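> Here you go, one structure.
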Amino acid sequence: MTLRHFLRDDDLSPQEQTEILDLAARFKTDRLADRSLEGRSIAVIFEKNSTRTRLSFEVGIHQLGGQPIVVDGRMMQLGREETIEDTSRVLSRYVDAVVWRTFAQARIEAMAGVSAVPVVNALTDEFHPCQVLADLQTVRERHGDLPGRTLTYLGDGANNMAHSLLIGGVTAGMHVRVGAPEGFAPAPWVLEAAGKRAAETGGSVRVHHDARSAVDGADVLVTDSWTSMGQENDGKDRVSPFRPFQINTELLAATGVDTSVLHCLPAHRGWEVTDEVLDGPASAVFDEAENRLHAQKALLAWLVQRS
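Residues in the sequence shown are numbered consecutively from 1074, following our numbering.
Shown next as structure tokens:
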């Protein structure tokens, strides 16, 4: 077997992504059906605040029969008084997998580079791939098969959610659009990676700076906070350029089709999304939050089985 990590969305092939989503659907129908982590310990390390990620991983590992060891990364010497690589080598001798919510993507790649156990990206500044697995599970529940569906992300196109939706969405064969103000487009290297994957699956990638054109015909609208963690004091105006990209009843109606709305939460009501939409019939936000549990359980069970 080959050691597998999940550091970004294209670490899974299209077929592997489908296998995990199928497994997540089965886990949702019977939460205690699989005990593949029986006798195993999983380190879950947080350097950033978390509600859904922490609780869903901790509960999910418990339901799979494993022991979650949740650690505040700010209380460790990780990357400060001890190199990331040395910490990784030590963790590999204690636990069966490492889940890490950290800052730069380079940090988790350094961890995985020397790890003897699977490493899972629970969020970095560049990617949020576990969230996107839950998003795709939610879209399948609402709309059926993913290939050919159109998903539009609205907001800061340079943030980790936009990046992961681009690559994860086209891996599923979807047409992924990003609607973002000028100056907030996705990183060129992410667009290149997404375009390469889209060429394999029949999906596509487009960036719009006009919200109406971005949402036209979209099956799914997704948004996120206009200001990600760590960007609070970057000096950029993150209000006025984003207002046209708020998901409200008018923009939702402009899709012209039966559209679902996703948000990874926490939501800033009245900013990136209105109360009427978040609490309305198009919202799948709380199903999406629940699916963090099922999708991450499926991912962990799949990774440990193959590593």
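For glycine and all other residues, C-beta sits at the position ideal for the given N, C-alpha and C.
All figures in this text were calculated on a predicted structure; none of them were measured in a lab.
Do N1233 and E1199 have their C-beta atoms closer together than 8 Å?
Here residue 1233 corresponds to residue number 160 of the sequence shown, with the count starting at 1. Here residue 1199 corresponds to residue number 126 of the sequence shown, with the count starting at 1. Contact flag set, yes.
> Would L1096 be called buried (16 or more neighbouring beta carbons within 10 Å of its own) or exposed?
Along the sequence shown, one-based indexing puts residue 1096 at 23. With 16 or more other Cβ atoms within 10 Å, it is buried.
> With DSSP collapsed to three states, give me the class of L1096.
Here residue 1096 corresponds to residue number 23 of the sequence shown, with the count starting at 1. Correct three-state label for L1096: helix.
> Check whether the Cβ atoms of D1352 and T1211 lie closer than 8 Å to each other.
Within the sequence shown, the letter at position 279 stands for residue 1352. Within the sequence shown, the letter at position 138 stands for residue 1211. Taking 8 Å as the Cβ cut-off, D1352 and T1211 do not qualify as a contacting pair.
> Would you mind stating whether F1014 and G1138 have Cβ atoms separated by less than 8 Å?
The shown model of the chain, from 1074 to 1380, leaves out residue 1014, and the question about it has no answer.
> Which stretch, first to last residue, makes up the beta strand (DSSP E) that contains F1119?
Residue 1119 sits at position 46 when you count from the first residue of the sequence shown. Note, F1119: beta strand (DSSP E), S1114 to F1119.
> Could you give the uninterrupted runs of the beta strand (DSSP E) lying entirely in the segment 1343–1369, keeping only those of 3 residues or more?
none
> Is R1162 near V1187, with beta carbons less than 8 Å apart?
The sequence position of residue 1162 within the sequence shown is 89, counting from 1. The sequence position of residue 1187 within the sequence shown is 114, counting from 1. For R1162 and V1187, yes; Cβs fall inside 8 Å.
> Beta-carbon within less than 6 Å of P1087's beta-carbon, same chain only, minus the 5 sequence neighbours each way: which residues are those?
Against the sequence shown, residue 1087 aligns to sequence position 14. Cβ neighbours of P1087 beyond the five flanking positions: T1244 and T1274.
> From this set, M1149, M1247 and V1278, which residue's C-alpha is nearest H1216's C-alpha?
Along the sequence shown, one-based indexing puts residue 1216 at 143. When the alpha-carbon of H1216 is set against those of M1149, M1247 and V1278, the nearest one is in M1247.
> Assuming A1327 and C1203 make a contact with CB atoms under 8 Å, what is their CB distance in whole Å?
Locating residue 1327 in the sequence shown gives position 254, where the first residue counts as 1. Locating residue 1203 in the sequence shown gives position 130, where the first residue counts as 1. Contact check for A1327 and C1203: beta-carbon distance about 31 Å, past the 8 Å limit, so the pair fails to qualify.
> So, are the CB atoms of Q1140 and S1114 less than 8 Å apart?
On the sequence shown, residue 1140 is found 67 positions in, with the first residue counted as 1. On the sequence shown, residue 1114 is found 41 positions in, with the first residue counted as 1. Taking 8 Å as the Cβ cut-off, Q1140 and S1114 qualify as a contacting pair.
> Tell me, to the nearest whole angstrom, how far the beta carbon of P1191 is from that of A1231; I am working on the premise that it is less than 8 Å.
Here residue 1191 is taken as the residue at index 118 of the sequence shown, counted from 1. Here residue 1231 is taken as the residue at index 158 of the sequence shown, counted from 1. The Cβ separation is near 28 Å, so there is no contact.
> Can you find at least 3 beta carbon pairs, one from the segment 1342–1351 and one from the segment 1074–1087, that sit closer than 8 Å?
Contact between the segment 1342–1351 and the segment 1074–1087 is absent: fewer than three C-beta pairs spanning the two stretches fall below 8 Å.
> Under a three-way DSSP split, which group does G1252 fall into?
The count along the sequence shown starts at 1 and reaches residue 1252 at position 179. DSSP places G1252 in strand when its eight states are reduced to three.
> Please go through the same chain and pick out, in chain order, the residues whose beta-carbon is closer than 7 Å to the beta-carbon of G1268, but skip the five residues on each side of it.
The count along the sequence shown starts at 1 and reaches residue 1268 at position 195. Cβ within range, chain order: V1278.
> Is the segment 1327–1338 touching the segment 1293–1300 in the sense that three or more CB pairs, one from each, lie closer than 8 Å?
Because the criterion of three Cβ pairs below 8 Å is met, the segment 1293–1300 and the segment 1327–1338 touch.
> Which whole runs of the beta strand (DSSP E) in the segment 1126–1173 are 3 residues long or more, in chain order?
1140–1145
> With 8 Å set as the bound, which would you pick, yes or no: does the beta-carbon of S1109 sit closer than that to a beta-carbon of chain B?
This model lacks chain B altogether; it includes just one protein chain.
> Quick one: measure Cβ to Cβ for A1170 and V1377, integer angstroms, because I've assumed they're closer than 8 Å.
Taking the sequence shown and counting its residues from 1, the one referred to as residue 1170 is at position 97. Taking the sequence shown and counting its residues from 1, the one referred to as residue 1377 is at position 304. Taking C-beta atoms under 8 Å as the contact rule, A1170 and V1377 qualify, at a distance of about 6 Å.
> Contact defined as beta carbons within less than 8 Å: I believe L1094 pairs with L1209. What is the distance between those atoms, to the nearest angstrom?
For the purposes of this step, residue 1094 is taken as the residue at position 21 of the sequence shown. For the purposes of this step, residue 1209 is taken as the residue at position 136 of the sequence shown. Rounded, the Cβ-Cβ distance is 6 Å, consistent with contact.
> For W1375, count neighbouring C-beta atoms within 10 Å of its own C-beta (all shown protein chains included) and say buried if the count is 16 or more, exposed if not.
The count along the sequence shown starts at 1 and reaches residue 1375 at position 302. So W1375 ends up on the buried side.
> Can you tell me which of the three DSSP states L1219 falls into?
Reading the sequence shown from its first residue, position 146 is the one you call residue 1219. If DSSP states are grouped into helix, strand and coil, L1219 belongs with coil.
> Going by beta carbon distance, what residues of the same chain come within less than 8 Å of V1358, once the five residues before and after it are set aside?
The sequence position of residue 1358 within the sequence shown is 285, counting from 1. Within the same chain, V1358 has close Cβ partners V1334, L1335, H1336, L1338, A1340 and L1351.
> Using the Cβ count rule (16 or more neighbours within 10 Å means buried), how would you classify P1254?
Taking the first residue of the sequence shown as position 1, residue 1254 is located at position 181. When all chains shown are included, P1254 counts as buried.
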